[in-house]
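Numbering (the numbering used here), first residue to last: 1131 to 1371.
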Ligand code: GLP
């Protein structure tokens, strides 16, 4: 695991965006694994700026997002589909149909999860997987105790995760209880993994991920087993290393 510690969040975000742009320049038809959450908003803003400056194109790329809330259709304002349209897809040149997220409103979420996993395999697996870090060490929505070999499936969100994500909902009771998420095994099959975390709220999880034991208690610690994992932190998130 390569750990890069930046002085501040701004510079960690910039570096992360540059690594994604570099992969797209090297491999224009890359299969990207994309993440949501507050952490990624600034990364996508930089990629949009780079696209507008003619420095990066998504025209030949494909993408699979990590996760989606069960029960929310793509046009629901709090769905991760809506997040991705707002923060990236509507502003870059991705081809129609090239971006995929699990359907939160699928009649049978378990079948949806299995088909999503199959679609990732059929695409040749993820080339570059972008990840944020939950304060409890989750990646995607793989909450603590997730099997380290898990594939895309339904997960129950912890109370802490629902509380952390309640800031986006008008009423905290509206935060879904279930999500479809790529599994840890799915993520580990990616050719390259890039995790970004900044701020003091991520310091415990970052320390457990990097220096703790390999354990389902900290799903992100699974990245210790990946051959090509890069973790980008700011000083605050690295404070407990
Ligand atoms: C969310 C997402 C994760 C994200 C993490 C951190 O619940 N499912 O993909 O990385 O939690 O979110 P944030 O970046 O808002 O701190």
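No residue lacks a Cβ here, since even glycine has one placed at the ideal position from N, Cα and C.
Cβ pair residue i, residue j closer than 9 Å
i	j	result
residue 1285	residue 1311	yes
residue 1230	residue 1192	yes
residue 1162	residue 1318	no
residue 1347	residue 1291	no
residue 1142	residue 1328	yes
residue 1266	residue 1313	no
residue 1280	residue 1315	yes
residue 1145	residue 1154	no
residue 1199	residue 1308	yes
residue 1366	residue 1330	yes
residue 1211	residue 1234	yes
residue 1131	residue 1326	no
residue 1302	residue 1293	yes
residue 1093	residue 1323	No answer is possible for residue 1093: it lies beyond the span of the chain, which begins at 1131 and ends at 1371.
residue 1358	residue 1334	no
residue 1172	residue 1151	no
residue 1208	residue 1298	yes
residue 1256	residue 1188	no
residue 1190	residue 1239	no
Nearest-angstrom Cβ-Cβ length linking residue i and residue j, presumed shorter than 8 Å
i	j	result
residue 1269	residue 1261	5 Å
residue 1243	residue 1283	5 Å
residue 1149	residue 1360	7 Å
Assigned exposure category for residue i - 16 Cβ within 10 Å defines buried
i	result
residue 1214	buried
residue 1339	buried
residue 1364	buried
residue 1232	buried
residue 1371	exposed
residue 1224	buried
residue 1264	buried
residue 1166	buried
residue 1341	exposed
Cβ-heavy atom distance, residue i to the ligand GLP, below 8 Å
i	result
residue 1268	yes
residue 1170	yes
residue 1271	yes
residue 1316	no
residue 1265	yes
residue 1309	yes
residue 1332	yes
residue 1165	yes
residue 1261	yes
residue 1196	yes
residue 1282	no
residue 1086	Since the first and last residues shown for the chain are 1131 and 1371, residue 1086 lies out of range.
residue 1146	no
residue 1275	no
residue 1183	no
residue 1346	no
Residue i at chain E interface by Cβ criterion, 9 Å
i	result
residue 1246	In the displayed structure, chain E is absent; only one protein chain is listed.
- Item | Minimum length 3: unbroken beta strand (DSSP E) runs contained in the region 1147-1208 | Counting only runs of 3 or more, we get 1161-1164, 1192-1195 and 1197-1199.
- Item | Residue ranges of each beta strand (DSSP E) within the region 1274-1308, 3 or longer | Every beta strand (DSSP E) of 3 residues or more that sits fully in the region 1274-1308 is shown, in chain order, as 1283-1286.
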